[in-house]
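Q: Under the working numbering, think of the first position of the sequence shown as 260, with each following residue one higher. This is the structure I have questions about; it appears just below.
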Amino acid sequence: MEKELVNKILELKKKKKAVILAHNYQRPEIYEVADFIGDSLELSMKAKETKAKIIVFCGVDFMAEAAKILNPKKKVLLPDPEAKCPMAAMVNIERLRDLKKKHPGARVVCYINTTAETKAESDIVCTSMNAANIVDSLEGEVIFIPDQHLGEWVEEKTGKKLILWPGFCIVHDSVLLEEVEAMNKEHPEAEVISHPESPIDILRISDCVCGTGGMIKYASSSKKKEFIIVTEEGMCNRLRREIPGKKFYPAAGMCQNMKRITLEKVYESLKDEKYEVKIPKEIEGRAREALGKMLEFR
Ligand code: 13P
Ligand code: SF4
């Protein structure tokens, strides 16, 4: 049944000259229909270079929006319009404008997990992979939105004091240091790899802190055979698929929003060309500028 649906999607994809991009946290069956699986930065870069007419984005709202902003002439589809990242919804635009007024001259660095409207109010976008380098390159005050854990980690890496926003990811924020330590006791040979959306006390005891793409690279090249993965539990499926000889233990729970995307919804989305991502004209250009600055950043 699942195989049948996979084949139907692959056929339709070919016929419609579409490309399917999937985030690492997607369900394993979504990997089977994806042309590319990656982290936020990798997916943005793929979206920018694709020649396909239609992009089906298997991820959450802000990722599909980023693909649309970078490809305004293409049709970008999000198979479930309710697949929304709660962290992206934690920025109130009026409060952000007030904060900017209080700190005139401060540069606003916004995490990619934000709405198009928030990106339009920002100077430059970042992902967990490049956040520290981007902040390091800026002179003067920096307002960093919305993830306070990533912000604190960037502060430690760069030695700069940032103006932080009280945002967080519900999945990473609820992991406790004691839980990770208990898992490490159970698997004393394991290395701890953590996403920087996790609390700072966990990041401090981790062997590696990186985005989801970095986790694959680190676990592949490490001499160790076992890893405690402090990020959304689906990442372990992705790691097991890429590195079958090693063991991965998930320390965080599931992102319900990411898991809203199913094979059935991908099929329906491609068949009926729904749900199309639309960005209001008045914010599209400014959001593209902020995203473009990130992609140009080396
Ligand atoms: P990555 O950019 O590391 O893939 O992370 C995206 C995300 O939503 C983490 O919760
Ligand atoms: Fe948003 Fe957290 Fe889900 Fe990532 S894991 S999409 S930050 S809610």
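The beta carbon of each residue, even a glycine, is placed where N, CA and C say it ideally should be.
How would you write the range of the beta strand (DSSP E) that E491 sits in, first residue to last?
A: Neither: E491 is in no beta strand (DSSP E) and is coded neither H nor E.
Q: V315 and P338: beta carbons closer than 8 Å?
A: Yes, the pair counts as a contact, with Cβ atoms nearer than the cut-off.
Q: What first and last residue would you give for the beta strand (DSSP E) that runs through F316?
A: Looking at the DSSP string, the run of the beta strand (DSSP E) that includes F316 is I313 to C317.
Q: Got a sec, what are the start and stop residues for the alpha helix (DSSP H) F321 sits in?
A: Its alpha helix (DSSP H) spans residues D320 to L329.
Q: With DSSP as the reference, label K333 as helix, strand or coil.
A: Correct three-state label for K333: coil.
Q: With a threshold of 7 Å on Cβ separation, who are the neighbours of A510 within its own chain once the five nearest residues in sequence on each side are excluded?
A: Contacts found: V434, E438, V439, M442, I487, I488 and V489.
Q: Distance check for F427 and V394, CA to CA, integer angstroms please.
A: Answer to the nearest angstrom: the Cα atoms are 19 Å apart.
Q: Give me the DSSP bridge partner(s) of Y284.
A: Answer is none; Y284 lacks a bridge partner.
Q: Identify whether E535 lies in helix, strand or coil by the three-state DSSP scheme.
A: Strand at E535.
Q: By the DSSP assignment, the alpha helix (DSSP H) with R519 in it spans what residues?
A: It is not in any alpha helix (DSSP H) - R519 carries neither H nor E in the DSSP assignment.
Q: Measure the C-alpha to C-alpha separation of N496 and K360 and round it to an integer number of angstroms.
A: If I take the Cα positions, the gap works out to 45 Å.
Q: Which residue's Cα is closest to the Cα of I452: V468, H282 and D460?
A: When each option's Cα is compared against that of I452, the closest is V468.
Q: Measuring alpha carbon to alpha carbon, tell me which of I520, E450, I475 and N392 ends up nearest E415.
A: For E415, the nearest C-alpha among the options comes from N392.
Q: If contacts are defined as beta-carbon pairs under 8 Å, then I268 and A281 qualify, I think. What distance do you get, rounded to the angstrom?
A: About 12 Å separates the two Cβ atoms, so there is no contact after all.
Q: If we count the other Cβ atoms within 10 Å of its Cβ and call it buried at 16 or more, is N283 buried or exposed?
A: N283 is buried by the Cβ-count criterion.
Q: With E448 as the anchor, note down where its alpha helix (DSSP H) starts and where it stops.
A: Counting along the chain, E448 falls outside any alpha helix (DSSP H), and DSSP gives it neither H nor E.
Q: Using a Cβ-based criterion (distance less than 7 Å to any ligand heavy atom), does I404 qualify as near ligand 2?
A: Checking every heavy atom of ligand 2 against the Cβ of I404, none is found closer than 7 Å.
Q: What's the C-alpha gap between E263 and D382?
A: In a straight line, the C-alpha of E263 is about 46 Å away from that of D382.
Q: From the DSSP output, read off the bridge partner residues of P509.
A: Paired residue(s): I488.
Q: Residues near ligand 1, CB to any non-hydrogen atom under 5 Å, in chain order?
A: Checking every Cβ against the heavy atoms of ligand 1 under 5 Å gives D298, S299, T386, S387, G470 and T471.
Q: Flag I429 as yes when its Cβ comes closer than 7 Å to any non-hydrogen atom of ligand 2, and as no otherwise.
A: At least one heavy atom of ligand 2 is nearer than 7 Å to the Cβ of I429, so yes.
Q: Is any non-hydrogen atom of ligand 2 found closer than 7 Å to the C-beta of V350, if you look at the structure I gave you?
A: Flag unset: Cβ of V350 not near ligand 2.
Q: Per DSSP, what kind of secondary structure is I296 in: helix, strand or coil?
A: I296 falls in the strand class under three-state DSSP.
Q: Rounded to whole angstroms, what is the Cα-Cα separation between M517 and A277?
A: Spanning the two alpha carbons is a distance of roughly 21 Å.
Q: Restricting to Cα atoms, I'd like to know which of E485, I296, A323 and I422 is closest to H408.
A: With distances taken between Cα atoms, H408 lies closest to I422.
Q: To the nearest angstrom, how far is the alpha carbon of V401 from that of W424?
A: Each residue's alpha carbon lies about 11 Å from the other.
Q: Since V367 is in the beta strand (DSSP E), which residue starts that stretch and which ends it?
A: Residues R366 to Y370.
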